[in-house]
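Structure, as structure tokens:
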């Protein structure tokens, strides 16, 4: 399997080359040259397969010969070391909990998978020190920090927007030290992401530093997220119903991975891109005009993205056919007021405590079920982070006190280690002086 830039002005590369580069030299995102097809036999056997077996069959066609089957299976086993329970809430709605990993967020899977692929590549090639440069709107930073912590030959530099991540999220990415450095940016996530992209095409930097990215723009992080959808399909509460999945969406890597699985043949009828007040994609699907605005801070801060990088990949999957995209994807935007209302409704009706991102996913399902017969559909929304990561919002909305996991209790006692950063010029100076 080879990968091409979606700016179409760079050479094709193999899987591990694309993982190491992160972004193509022409600043385009890498995309596989062909889409594998799942066999009917494989689909029929999903219910009897383990999570590790499902993940191997999902990702193996994208790897080519860069990893042996044995090495790939080892990486998968080391990546998927926790559970992904599907929790039924009503006859037609369930939650897929993706927060049972080490940093209590869905991004643990992609970060762990990518870290292990890069470690394998570096060990195999005896390469020079690699610097992971990553922007985070919340959960990516902690997941990447944990996934790469003390990995030999790899340094991690994380950019995050000052005052726009939760206290738990900030602690997860600023307390490790060693090979992990956190840069606190005076700006938005979009500013952080733009600085990262600029660094990759800055020749003065790339001549001296071996850079790659661990955002969902990196194919190892992006493709590994397909695993969730195979697990959701296997464990759906009502197999006789048509499956609809609502994905809380910010940078759109998670949704893009699900659509990849669907277009490979996984029987998911429809996707819902559920967003907060940052409504670029809902507006696009309504008007066919892509017009990003300044990002709006919300209580579901990991989705405070106005110009999602991965949306171009979703368009590519559908060969830029707007009407085909609309056939398989709906998108809705919800305010903080509606998000809090959903948190209260879920708790009152089902005793389920969601986080704000999961609540947005739940709202997306409700909105979609206004358009179709709910009784014929199995809706699953992704619960992407543990509610404790957004304790002030959840506790204040539900008027309760959350139990604090012991790992979080210990984390909150650690000192914050971060460096303030103003702009790209300061980032470049910091990286070169290192």
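In this note's numbering, the protein residues as written are 117 to 550.
Virtual Cβ for every residue (Gly too), placed ideally from N, Cα, C.
None of the values given here were measured: they were computed from a predicted structure.
Query	Result
Rounded C-alpha distance that separates residue 414 from residue 186	44 Å
The region 257-277 / the region 234-241 touching (three or more Cβ pairs under 8 Å)	yes
Which of helix, strand or coil DSSP assigns to residue 516	coil
Local Cβ density within 10 Å of residue 427, reported as buried at 16 or more and exposed below that	buried
Outcome for residue 345 when other beta-carbon atoms lying within 10 angstroms are tallied against a minimum of 16	buried
Completely contained alpha helix (DSSP H) runs for the region 489-514, where each covers 4 or more residues	507-514
Identity of the residues DSSP links to residue 386 by a beta bridge	360
Residues of its chain near residue 188, where Cβ-Cβ distance is below 8 Å and the 5 sequence neighbours each way are ignored	172, 175, 176, 179
Reference residue 181; option with closest CA among 447, 248, 117, 164	117
Touching by the beta-carbon criterion (3+ pairs, under 8 Å), the region 433-445 and the region 380-393	yes
Residues of its chain near residue 524, where Cβ-Cβ distance is below 7 Å and the 5 sequence neighbours each way are ignored	284, 504
Beta-ladder partner(s) of residue 210, from DSSP	204, 496
Enclosing beta strand (DSSP E) for residue 120 [first to last residue]	119-121
Whole alpha helix (DSSP H) elements within the region 436-471, 4-residue minimum	438-444, 452-466
Start and end residues, beta strand (DSSP E) containing residue 300	296-301
Distance between residue 356 and residue 313 (C-alpha atoms, nearest Å)	45 Å
From 479, 478, 311, 480, residue whose alpha carbon lies closest to that of residue 546	311
Rounded distance between the beta-carbons of residue 229 and residue 336, thought under 8 Å	6 Å
Best match in 416, 321, 495 for proximity to residue 478 [C-alpha to C-alpha]	495
Cα-Cα separation between residue 142 and residue 431, rounded to whole angstroms	19 Å
Beta-carbon separation (whole angstroms), residue 411 vs residue 304, contact threshold 8 Å	5 Å
Residue 396 to residue 421 span [Cα, whole Å]	9 Å
Proximity below 7 Å, CB of residue 475 to CB of residue 459	yes
Minimum C-alpha distance to residue 248 - residue among 258, 226, 274, 256	274
Complete runs of the beta strand (DSSP E) confined to the region 210-267 [at least 3 residues]	246-251
Local conformation of residue 556 per DSSP, three classes	Past the boundaries of the shown model lies residue 556; the chain is included only from 117 to 550, so the question cannot be answered.
Residue 175 - containing alpha helix (DSSP H), residue span	167-179
According to DSSP, residues forming a beta bridge with residue 274	250, 298
Rounded separation between residue 528 and residue 517 - CA only	17 Å
Nearest neighbour of residue 167, chosen from 183, 196, 160 [CA to CA]	196
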